[in-house]
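S.K.: Let me begin by handing over the structure; questions about it come next.
Numbering (the numbering used here), first residue to last: -13 to 436.
Printed below as a string of structure tokens:
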């Protein structure tokens, strides 16, 4: 029976139970417990009540069976049914044990019914059943996740009276809650409290503290936490460094971020894609697209891929300083290795090529973009049409103009002015008049809307 339930062969387990009954071999509580546990484990809680009726005719359910059913129901989110079974056990003279309480408390906490969980804890204590570490961690986690770390702290403070010693996980749950609420001082004080009780913080504790200190702009204190980590023999991870990098970059402290980025390699922690992304975006933000480009190439050589939003930012930054050929290389690497190009990727490079008068290159990319069914902005279309006109490629410019309504772009006054000026320069006055009429109509419509 145990082997079949462990393997999830519950149909066969049922057949075995029927076989026992048919041969006059009455199953005991242990047999039913095994099958009920199997049903709970595989989410077949609805079958338990059918089995329960049958079991009640043969043997009296014990606390293990009640606990298994309560736990199974809670895991299915059926916490009020679990509570009913809990009270049924009491009515039948079957007192709950710590595991029964833990199962129901966990169910209440997961559903956010914290007052009931707290009341059940009080009942447990009143009846002389000592809560264990699991009980406390469950309640502390429930209140912490609900944004009530001060209530969680009360449970932590009551642990010694029940001879229960908190572990690092207990503290981390509350530290994490304080950090999510940006309560850096409370989180730091709790770290000091755990150290005073000879419970050493782990890497997770330190990383959370560094993260919250960076978020509230206290970078010097975050740096001192790293130094404390090293003194305590708790080594920073890539997450630690990435958190600090993000803090420096958000503050615009690019020199400190660059130094930390180099230190990662020196300490045997190779920068990951998060670290590279952080640095690339930071360099783009301060206008140092060349340095950002260098890091991008280094990143791709290491087999890492930048996300599309950051790639587009790099493309735009390179084009802003007329490093369009480098932008084009980034574009090609995106095509080759990822991430997938999007509308913004195309527009950045098209605009860049227009800026350095590489209009045919821009036109070919525009064609490719339209083929992919992405709708360019009117600003990009205007730049391309203007570039073609300046290159004396008026026929091609007119073809682009005529395609605009087909691809879903509405021309504006600037578009028509570009076309009118280009036609006027080559003496095509009649066509000028036609487009001038469109321009007047467009201006009239705009005036009416206003």
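We put the CB at the ideal spot given by N, CA and C, even for glycine.
Model, not experiment: these values are computed from the prediction.
Going by C-alpha to C-alpha distance, which of 399, 396 and 406 sits closest to residue 376?
M.R.: 406
S.K.: Would you decide whether residue 165 is buried or exposed? Buried here means 16 or more other CB atoms lie within 10 Å of its CB.
M.R.: buried
S.K.: Which ranges does the alpha helix (DSSP H) cover as unbroken runs of at least 4 residues, wholly within the segment 97 to 171, from first to last along the chain?
M.R.: 100 to 112, 119 to 131, 135 to 144 and 154 to 166
S.K.: Taking residue 400 as the reference, give the member of 369, 125 and 238 with the closest Cα.
M.R.: A check of alpha carbon separations from residue 400 across 369, 125 and 238 identifies 369 as the nearest.
S.K.: Could you compute how far the alpha carbon of residue 239 sits from the alpha carbon of residue 96?
M.R.: So the two alpha carbons sit approximately 42 angstroms from each other.
S.K.: Under 8 angstroms between the Cβ atoms of residue 301 and residue 313?
M.R.: yes
S.K.: Look at residue 91 and residue 55 and say whether their C-beta atoms are less than 8 angstroms apart.
M.R.: Against a cut-off of 8 angstroms, the Cβ pair of residue 55 and residue 91 comes out as no contact.
S.K.: Taking residue 290 as the reference, which of 325, 318 and 276 has the closest Cα?
M.R.: 325
S.K.: If you draw a straight line from the C-alpha of residue 11 to the C-alpha of residue 34, how long is it?
M.R.: 21 angstroms
S.K.: Taking residue 226 and residue 272 to be in contact with their CB atoms under 8 angstroms, please state how far apart those CB atoms are, rounded to whole angstroms.
M.R.: By a beta-carbon distance limit of 8 angstroms, residue 226 does not contact residue 272. Their separation comes to about 24 angstroms.
S.K.: Just to confirm the assignment, what range does the alpha helix (DSSP H) spanning residue 269 have?
M.R.: Looking at the DSSP string, the run of the alpha helix (DSSP H) that includes residue 269 is 259 to 271.
S.K.: Out of 352, 358, 359 and 304, which has the shortest C-alpha to C-alpha gap to residue 365?
M.R.: 352
S.K.: Within the 8 angstroms Cβ cut-off, does residue 351 reach chain B?
M.R.: Chain labels in this structure do not include chain B; a single protein chain is all it has.
S.K.: Residues in the same chain with beta-carbon distance under 7 angstroms from residue 428, minus the five sequence neighbours each way, listed in chain order, please.
M.R.: 399 and 402
S.K.: With distances taken Cα to Cα, identify the nearest neighbour of residue 295 among 329, 288 and 127.
M.R.: 329
S.K.: Rounded to whole angstroms, what is the Cα-Cα separation between residue 185 and residue 153?
M.R.: About 7 angstroms.
S.K.: Who are the near neighbours of residue 208 in its chain, counting only those whose CB is closer than 7 angstroms to its CB and skipping five residues on each side?
M.R.: Correct list, in chain order: 196, 199, 200, 230 and 233.
S.K.: Within 10 angstroms of the Cβ of residue 114, are there 16 or more other Cβ atoms? Answer buried if so, exposed if not.
M.R.: exposed
S.K.: Hey, out of 343, 248 and 318, whose CA is closest to residue 228's CA?
M.R.: The candidate whose alpha carbon is nearest that of residue 228 is 248.
S.K.: Within 10 angstroms of its Cβ, does residue 299 collect 16 or more other Cβ (buried), or is it exposed?
M.R.: buried
S.K.: Write down every uninterrupted run of the beta strand (DSSP E) in the segment 28 to 98 whose length is 3 residues or greater and which is fully enclosed by it, in chain order.
M.R.: none
S.K.: Is it right to say residue 245 is buried, meaning 16 or more other beta carbons lie within 10 angstroms of its own, or is it exposed?
M.R.: exposed
S.K.: What are the uninterrupted segments assigned as alpha helix (DSSP H) that are 4 or more residues long and contained completely in the segment 277 to 356, given in chain order?
M.R.: Taking only runs of at least 4 residues, the alpha helix (DSSP H) segments lying wholly in the segment 277 to 356 are 294 to 306, 310 to 323 and 329 to 341.
S.K.: State the start and end residues of the unbroken alpha helix (DSSP H) segment that holds residue 362.
M.R.: That residue, residue 362, is in no alpha helix (DSSP H); it is neither H nor E in DSSP.
S.K.: Suppose the cutoff is 6 angstroms on Cβ atoms and the five residues either side in sequence are ignored; what does the same chain contact list for residue 212 look like?
M.R.: The residues are 222.
S.K.: Quick one, which of 334, 310, 38 and 392 has its alpha-carbon nearest residue 356's?
M.R.: 392
S.K.: Take residue 149 and list the residues in its own chain whose beta-carbon comes closer than 8 angstroms to its own, dropping the five residues that flank it on each side.
M.R.: Once the five neighbours on either side are set aside, the close Cβ partners of residue 149 are 116.
S.K.: Using a 10 Å radius around the Cβ and a threshold of 16 neighbouring Cβ atoms, would you call residue 426 buried or exposed?
M.R.: The residue is exposed, with fewer than 16 neighbouring Cβ atoms inside 10 Å.
S.K.: Is it buried or exposed, residue 458, if we count other Cβ atoms within 10 angstroms and call 16 or more buried?
M.R.: Because residue 458 is not part of the residues shown, which for the chain are -13 to 436, the question remains open.
S.K.: Taking DSSP as the reference, what is the three-state secondary structure of residue 244?
M.R.: helix
S.K.: Can you give the Cα-Cα distance for residue 75 and residue 81, rounded to whole angstroms?
M.R.: 7 angstroms
S.K.: Please return the same chain residues whose Cβ sits closer than 6 angstroms to the Cβ of residue 49, not counting the five positions on each side in sequence.
M.R.: 80 and 83
S.K.: What number of angstroms, rounded off, separates the C-alpha of residue 121 from the C-alpha of residue 202?
M.R.: 33 angstroms
S.K.: Leaving aside the five residues before and after residue 218 along the sequence, list all residues of the same chain whose C-beta is less than 6 angstroms from its C-beta, in chain order.
M.R.: none
S.K.: Candidates 42, 190, 396 and 141: which alpha carbon is nearest residue 119's?
M.R.: 141
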